[in-house]
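Be aware that the sequence shown starts at 1, since it is given in full-length UniProt numbering, and climbs by one per residue.
Each remark here refers to the structure printed beneath this line.
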Amino acid sequence: MATLDPGANIYNTSVVPPPIGQESNFDRPLSDVQLATITVFAVTYFLATVSLALRYATSALVVKEWELDVVLITLAWGVALGYFISVCFMMKYGWGSHAWDVSLADMVQYNKYLSPTTLTYMWSPTLTKLSILSVLYRISPARGYQISVYVIAIALLVYTITFTVLLSGPCNPKDVGSGVCLNNLAISQVALNIATDLSIIILPLPTLHNLQIPFRQKVVVGCILSIGSAVLIASIVRAPYVHIMATNPDFTRKQAEAGVWSLVELNMGISIDFSRSHSQV
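Printed below as a string of structure tokens:
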């Protein structure tokens, strides 16, 4: 961030100096990253909503019971919507725009919405994974298998709650000097998300291998259970963006680029939850 002159007008002073040969434009038009954010959300959230509706239909007409996974995935769906709403507020103050087109006054408001945006991003995938784990728990009565489910679930809750506490304390975006803490938190979360995604994909495979069903059916069920790899891919693709946004001065744009993949990760995770639960019916 540029050094602030005590006499500077915060409404026409940019967060970072513009590149040589360019000027700041505080009347920001809709950027390509912002347009991509809206488009990706519309498509993926529609798929997530259809999947959730099918999950409700399965619970009402087939299972005839509202199980824990339905409650958890509904919460994940609502929190994902909250994430997008927070992002929309941030767009007004520079999310997806170049940092040199964002005024210091806008940055104050930007940081106010960064906390709810980060919190909703953290909790939506956690709730989705807990929903998937509640389904996977039922596929085998083996004690070791069920203990593994509990271990992953507890790990999810521990690191998500820890990050939530950090976000309200030393990593609070409203506080001056919280940038390093926020960057470390984001990088840690990416690593833990990838690790838990991978654990959930691998977890049911030994049980599937031991099922006494035709090989072709094993392949079909295995594909359904492991389709979560799509979310894992989104998490891996997002990882370099998180690293870049931690060091790039054009952070408002880089955060939004990572946010596009966050939407894919959140909403496709909700869509995939139906595939996994459907394989248990």
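Heads up, the beta-carbon is just placed ideally off N, CA and C, and yes, glycines get one too.
Per DSSP, the bridge partner or partners of residue i
i      : result
Ser103 : Ser14
Closest by C-alpha distance to residue i, when choosing among the options
i      : options                        : result
Ala153 : Thr58, Thr196, Leu182          : Thr196
Val149 : Phe163, Glu257, Ser131         : Ser131
Glu67  : Thr49, Val165, Leu133, Leu156  : Leu133
Asn9   : Ala76, Asp106, Ala80           : Asp106
Val190 : Ile202, Pro170, Ser168, Val231 : Val231
Leu205 : Leu136, Asn172, Ala57          : Leu136
Ile272 : Ile244, Ile200, Gln255, Ala246 : Ile200
Tyr56  : Val43, Leu72, Phe41            : Leu72
Tyr93  : Thr162, Thr207, Thr164, Arg28  : Arg28
Gly21  : Ala76, Val79, Trp100, Trp77    : Trp100
Phe41  : Glu23, Trp77, Phe26            : Trp77
Met91  : Thr37, Pro125, Ala142          : Thr37
Tyr255 : Leu54, Thr207, Trp95           : Note on residue identity: the sequence assigns Gln, not Tyr, to residue 255. The shortest Cα separation from Gln255 among Leu54, Thr207, Trp95 belongs to Trp95.
Asn172 : Val62, Ser115, Met245          : Ser115
Gly179 : Thr247, Gly144, Leu61          : Thr247
Ser168 : Gln146, Ser188, Leu119         : Leu119
Ala234 : Ile244, Ala258, Cys181         : Ala258
Thr164 : Ile244, Met122, Ala53          : Met122
Pro141 : Asn210, Val108, Leu182, Trp261 : Asn210
Tyr11  : Pro18, Val108, Glu23, Pro19    : Val108
Ser24  : Gly82, Thr13, Ser31            : Thr13
Leu182 : Leu61, Leu30, Ser31, Phe251    : Phe251
Phe26  : Val260, Val151, Leu104, Pro240 : Leu104
Pro18  : Val62, Leu30, Pro249, Phe46    : Pro249
Ser188 : Val62, Pro240, Leu61, Val260   : Pro240
Asn184 : Tyr145, Ile244, Tyr45          : Ile244
Residue i and residue j closer than 7 Å at C-beta
i           : j      : result
Val87       : Thr39  : no
His98       : Arg238 : no
residue 299 : Tyr113 : Because residue 299 is not part of the residues shown, which for the chain are 1 to 281, the question remains open.
Thr128      : Gly269 : yes
Asn111      : Lys174 : yes
Ala186      : Val242 : yes
Val33       : Val102 : no
Met80       : Ser51  : In the sequence as displayed, the identity of residue 80 is Ala instead of Met. No, the pair does not count as a contact, with Cβ atoms beyond the cut-off.
Ile139      : Thr207 : yes
Thr126      : Leu156 : yes
Val43       : Ser59  : no
Tyr159      : Leu192 : yes
Asn267      : Ala48  : yes
For residue j and residue i, believed in contact at Cβ under 8 Å, the rounded distance
i      : j      : result
Ile194 : Ile236 : 6 Å
Whole alpha helix (DSSP H) elements within the region 48-97, 4-residue minimum:
DSSP runs (the alpha helix (DSSP H)) wholly in the region 48-97: 68-92.
Note down, one range per segment and in chain order, each alpha helix (DSSP H) of at least 4 residues found wholly within the region 164-214.
With a minimum length of 4 residues, the continuous alpha helix (DSSP H) runs that stay inside the region 164-214 are 179-202, 205-209.
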